[in-house]
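In the UniProt record's numbering, the protein residues as written are 1 to 555.
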């Protein structure tokens with residue numbers, strides 16, 4: 001680790017430990033940060049990175065405890081008995097602005113309370129400071145907007161308000177805990193740039209706690225990679241991303257989908273053999289329909305919702321407007337867009353869960369439109385299965401893995417199903433001995449493998465994958481993406497792959513459609529769209545993506 005003279009440090013931590021019942025969530029790590037520097041604490045779920053932030057704020061929940069041989073701010077030991085340490089000296093930007101802000105009070109009330117409590121300003125001075133802070137974080141018309149309630153701001157604007165609250169008392173250290181993980185790509189880029197510019201301008205040190213290597217690349221100066229509570233590598237960010245020295249750092253970075261090029265598969269450590277059973281593959285293909293049938297054809301699709309809430313009564317929301325595309329046999333078609341673009345509405349219509357107002361969907365030649373009677377939906381859905389974003393929610397927690405996978409095997413004798421389920425589990429990289437367990441006994445990646453096995457058990461020709469990896473750590477995401485590609489290649493499956501993650505689209509999809517406010521603004525071969533986008537909106541989306549340096553070969 002690079003040694004920084006103690007006198008130059010804004011923050012200096014030595015030997016930090018966080019213990020829960022004797023188990024170390026953080027095991028003796030050292031961290032330095034100088035004024036104006038952004039230090040990323042990066043790692044996957046369970047690495048201990050959030051426990052570092054909790055210890056710095058003295059907010060480790062009992063029975064947990066923390067200790068450090070040294071923890072200083074500007075060379076002075078941090079005294080948590082002082083009332084104003086949290087909020088004035090050390091502040092935090094939380095992940096979810098919905099929970100960070102009190103919905104019952106105006107933004108002005110919350111900012112005024114903060115600065116009066118910590119800085120002792122008068123009411124008039126505090127109100128002026130509130131307006132200044134909203135202006136500083138880029139909220140237009142701050143004199144008016146300061147009197148609004150949190151729900152009257154968009155997600156990105158709410159996060160700007162959270163940043164204003166965190167910085168209102170001019171803290172010396174700010175902890176940004178996953179500050180952009182709930183935001184769209186365009187808003188994410190703006191918030192990261194805002195954090196960087198304010199830290200530089202004010203000389204604040206910042207700890208960026210994240211699992212997002214893109215955020216690390218975009219704004220951090222140095223990075224600490226954590227695994228199982230330990231710091232496995234600390235280095236300047238550019239050096240870490242291009243030439244990591246720790247094997248785990250290299251594995252983590254190799255799993256990040258590159259933005260600027262397409263790769264065939266993610267290079268990952270051996271995670272166990274995926275067994276391909278010829279008899280299983282024959283069974284999976286037994287329901288194949290006429291090769292001439294287009295797996296999914298969408299024509300002139302439109303959907304309008306009435307406004308929700310009394311404030312917008314009578315204002316319709318056009319979720320989809322004249323959307324048309326086809327998915328060929330064995331093709332992975334990506335549908336990408338930000339929040340509110342209409343992609344989830346389209347997924348529900350394609351799956352027969354929601355009727356369109358205009359247009360038609362044909363699944364393997366079977367039509368579905370506003371006129372389709374409910375009794376015909378079962379037949380329409382034959383040949384299609386879905387893989388959802390959150391496998392814990394999509395799997396019945398009361399059912400064993402065996403019962404979960406057998407459920408869509410309509411008409412299959414139980415004896416044959418009992419033979420097929422172990423083969424399906426092996427096909428998705430899980431051992432057959434997990435059949436008696438229930439979903440809570442598995443990690444997120446294992447649960448998604450079970451969800452994919454269940455989808456395969458329905459012998460689909462088309463998989464609709466709705467954000468199938470967005471809830472997973474990056475290394476697990478890479479494994480699931482490799483698995484889906486293998487299934488496409490081996491079984492000839494077609495996929496509608498819905499996501500907001502453009503780098504994932506580049507690695508997974510043959511063609512891509514870009515949705516913006518319900519309209520398909522771009523449609524084409526994936527590489528052509530990424531290299532030469534035609535739509536202004538697509539160009540803007542791509543411009544927001546951080547580029548990681550190419551990973552150098554291990555020495």
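Yeah, the Cβ is synthetic: ideal placement off N, Cα and C, and Gly gets one too. Everything numeric in this text was worked out from a predicted model, so none of it was measured.
Just tell me which of the options has its CA closest to the CA of residue i.
{"i": "residue 183", "options": "516, 79, 501, 33", "result": "501"}
{"i": "residue 395", "options": "446, 349, 320", "result": "446"}
{"i": "residue 464", "options": "387, 13, 121", "result": "387"}
{"i": "residue 525", "options": "462, 332, 430", "result": "332"}
{"i": "residue 556", "options": "243, 48, 173, 364", "result": "Beyond the ends of the chain as shown, which are 1 and 555, falls residue 556; an answer cannot be given."}
{"i": "residue 128", "options": "236, 28, 143, 244", "result": "143"}
{"i": "residue 316", "options": "123, 536, 518", "result": "518"}
{"i": "residue 461", "options": "108, 65, 294", "result": "294"}
{"i": "residue 48", "options": "254, 125, 60", "result": "60"}
{"i": "residue 81", "options": "95, 100, 57", "result": "57"}
{"i": "residue 557", "options": "345, 248, 362, 251", "result": "A query on residue 557 cannot be resolved here, the shown segment of the chain reaching from 1 to 555 and no further."}
{"i": "residue 13", "options": "66, 415, 62, 24", "result": "66"}
{"i": "residue 37", "options": "245, 279, 199", "result": "199"}
{"i": "residue 425", "options": "450, 414, 444", "result": "450"}
{"i": "residue 540", "options": "130, 215, 185", "result": "185"}
{"i": "residue 253", "options": "259, 244, 260, 261", "result": "244"}
{"i": "residue 580", "options": "504, 52, 42, 544", "result": "There is simply no residue 580 to check, as the chain begins at 1 and stops at 555 in what is shown."}
{"i": "residue 201", "options": "443, 131, 193", "result": "193"}
{"i": "residue 347", "options": "381, 375, 372", "result": "381"}
{"i": "residue 34", "options": "358, 11, 136", "result": "11"}
How many angstroms separate the CA atom of residue i from the CA atom of residue j?
{"i": "residue 7", "j": "residue 477", "result": "Its pLDDT being 45, under 50, residue 7 is placed unreliably in this model, and the coordinates cannot settle the point."}
{"i": "residue 521", "j": "residue 75", "result": "55 Å"}
{"i": "residue 85", "j": "residue 26", "result": "22 Å"}
{"i": "residue 111", "j": "residue 40", "result": "27 Å"}
{"i": "residue 4", "j": "residue 428", "result": "A caution first: residue 4 carries a pLDDT of 48, below 50, which makes its placement in the model too unreliable to give a value."}
{"i": "residue 487", "j": "residue 493", "result": "7 Å"}
{"i": "residue 2", "j": "residue 423", "result": "Unreliable placement is indicated for residue 2, whose pLDDT of 46 sits below 50; the coordinate value is still reported in the next sentence. The straight-line gap from Cα to Cα measures roughly 51 Å."}
{"i": "residue 436", "j": "residue 448", "result": "17 Å"}
{"i": "residue 409", "j": "residue 452", "result": "14 Å"}
{"i": "residue 365", "j": "residue 329", "result": "13 Å"}
{"i": "residue 196", "j": "residue 401", "result": "46 Å"}
{"i": "residue 204", "j": "residue 148", "result": "28 Å"}
{"i": "residue 109", "j": "residue 470", "result": "35 Å"}
{"i": "residue 588", "j": "residue 114", "result": "The chain is shown only over 1 to 555; residue 588 falls outside these bounds and no answer can be derived."}
{"i": "residue 467", "j": "residue 122", "result": "49 Å"}
{"i": "residue 150", "j": "residue 77", "result": "36 Å"}
{"i": "residue 556", "j": "residue 495", "result": "The question about residue 556 has no answer here: the residues shown for the chain are numbered 1 through 555."}
{"i": "residue 481", "j": "residue 514", "result": "20 Å"}
Given a threshold of 16 other Cβ atoms within 10 Å of its Cβ, counted over all protein chains shown, does residue i qualify as buried or as exposed?
{"i": "residue 552", "result": "exposed"}
{"i": "residue 21", "result": "exposed"}
{"i": "residue 303", "result": "buried"}
{"i": "residue 305", "result": "exposed"}
{"i": "residue 263", "result": "exposed"}
{"i": "residue 152", "result": "exposed"}
{"i": "residue 70", "result": "exposed"}
{"i": "residue 420", "result": "buried"}
{"i": "residue 118", "result": "buried"}
Since residue i is in the beta strand (DSSP E), which residue starts that stretch and which ends it?
{"i": "residue 388", "result": "From DSSP, residue 388 is part of no beta strand (DSSP E); its letter is neither H nor E."}
{"i": "residue 27", "result": "23 to 33"}
{"i": "residue 425", "result": "Where residue 425 is concerned, there is no enclosing beta strand (DSSP E), although the alpha helix (DSSP H) it sits in stretches over 414 to 427."}
{"i": "residue 358", "result": "358 to 363"}
{"i": "residue 513", "result": "511 to 516"}
{"i": "residue 108", "result": "Premise fails: residue 108 lies in the alpha helix (DSSP H), 107 to 119, not in any beta strand (DSSP E)."}
Would you list the one or two residues that DSSP bridges to residue i?
{"i": "residue 297", "result": "326, 362"}
{"i": "residue 17", "result": "27, 67"}
{"i": "residue 305", "result": "317"}
{"i": "residue 177", "result": "209"}
{"i": "residue 465", "result": "387, 497"}
{"i": "residue 230", "result": "227"}
{"i": "residue 91", "result": "174"}
{"i": "residue 86", "result": "90"}
{"i": "residue 39", "result": "207, 222"}
{"i": "residue 12", "result": "32, 72"}
{"i": "residue 235", "result": "223"}
{"i": "residue 519", "result": "516"}
{"i": "residue 368", "result": "361"}
Between which two residues does the alpha helix (DSSP H) holding residue i run?
{"i": "residue 50", "result": "49 to 56"}
{"i": "residue 199", "result": "185 to 202"}
{"i": "residue 527", "result": "526 to 531"}
{"i": "residue 78", "result": "Taken as a continuous stretch (DSSP letters only), residue 78 belongs to no alpha helix (DSSP H), as it is neither H nor E."}
{"i": "residue 349", "result": "343 to 350"}
{"i": "residue 332", "result": "No alpha helix (DSSP H) contains residue 332, which is instead part of the beta strand (DSSP E) from 332 to 336."}
{"i": "residue 556", "result": "Nothing in the structure corresponds to residue 556, since the chain is present only between 1 and 555."}
{"i": "residue 542", "result": "536 to 543"}
So is the beta-carbon of residue i under 7 Å away from any non-hydrogen atom of the ligand FAD?
{"i": "residue 205", "result": "What this structure holds is no ligand at all, so the ligand FAD is not there to describe."}
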